[in-house]
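See below for the structure under consideration.
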Ligand SMILES: [Zn+2]
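Residue numbers (this note's numbering): 790 to 1025.
Okay, here's the thing in structure tokens:
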């Protein structure tokens, strides 16, 4: 049983229905059953640069436009973007960003075939299969770190957040997570998605920003679907 909140560490979560608890501090909802708290590896056909790319296209274009309109990056000539958990979107994001992107690095569980395909298109892919934190070597001089639909999958949530805090530097951080502002909905979402082991609330994002020592610049909630958040600068 994972009784302490995997994000803020608060103990004594409120039981919603077994095996789900909600944190009374940050309102994270998590699955306490250790037998299901494993990240389910994507199947071969959902790995990077695959036939499903088209399906992501509309959503991704919207996301990219939102990122660009909400950051000052569009005024910079060349930027370095790191996309942690890039999934199928690495090539498309690079294509959309190529006018401003000096360097685009994607990180995910990827095949060697995907790595070479990406390389031919000017994208560097980091394979996380053997080292979940291999992306930390790519955060130097990053202007933007994207982390879209990643946090809900992480078994080592706090370890990931701590690594991020240590390596984020001056980068703008852009995140997206499934968003269920009602705890009961969060439980239903977690029951429906065996690959998701925790679910978020607006308050969770505010506490995440505090742990990362970053200012929450933007929080756009699209209940009950998901939420975008943008974090800037160090907060004293
Ligand atoms: Zn918590």
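Virtual Cβ for every residue (Gly too), placed ideally from N, Cα, C. Keep in mind it's a predicted model, so treat the numbers as computed, not measured.
query, result
"beta-carbon residue 994 near ligand 1 non-hydrogen atom, thresh 8 Å", "no"
"With 16 other Cβ atoms within 10 Å as the buried cut-off, status of residue 948", "exposed"
"Sequence-distant residues of the same chain with beta carbon closer than 7 Å to residue 939, five excluded per side", "873 and 874"
"At least three beta-carbon pairs within less than 8 Å, the stretch 794 to 805 to the stretch 813 to 822", "yes"
"Proximity test, residue 936 beta-carbon vs ligand 1 heavy atom, cut-off 8 Å", "no"
"Cα-Cα separation, residue 836 to residue 981", "Confidence at residue 836 is low in this model, with a pLDDT of 43, below 50, so its placement is unreliable and the value that follows should be read with caution. Cα to Cα, residue 836 sits roughly 21 Å from residue 981."
"Backbone CA spacing between residue 959 and residue 935 [nearest angstrom]", "13 Å"
"Own chain partners of residue 1021 with C-beta closer than 7 Å, once the 5 adjacent residues on each side are dropped", "961, 1003, 1004 and 1006"
"Under 6 Å, CB to nearest heavy atom of ligand 1: contacting residues", "794, 796, 797, 799, 812, 814, 815 and 817"
"Reduced DSSP category for residue 964 - H, G, I as helix; E, B as strand; rest coil", "strand"
"C-beta atoms of residue 871 and residue 895 nearer than 9 Å", "yes"
"Assigned secondary structure, residue 1014 (DSSP; H/G/I helix, E/B strand, else coil)", "coil"
"Reduced DSSP category for residue 988 - H, G, I as helix; E, B as strand; rest coil", "strand"
"Nearest to residue 932 (by Cα), restricted to the options 925, 867 and 942", "867"
"Backbone secondary structure at residue 976 - three-state DSSP", "helix"
"Nearest-angstrom Cβ-Cβ length linking residue 809 and residue 976, presumed shorter than 8 Å", "5 Å"
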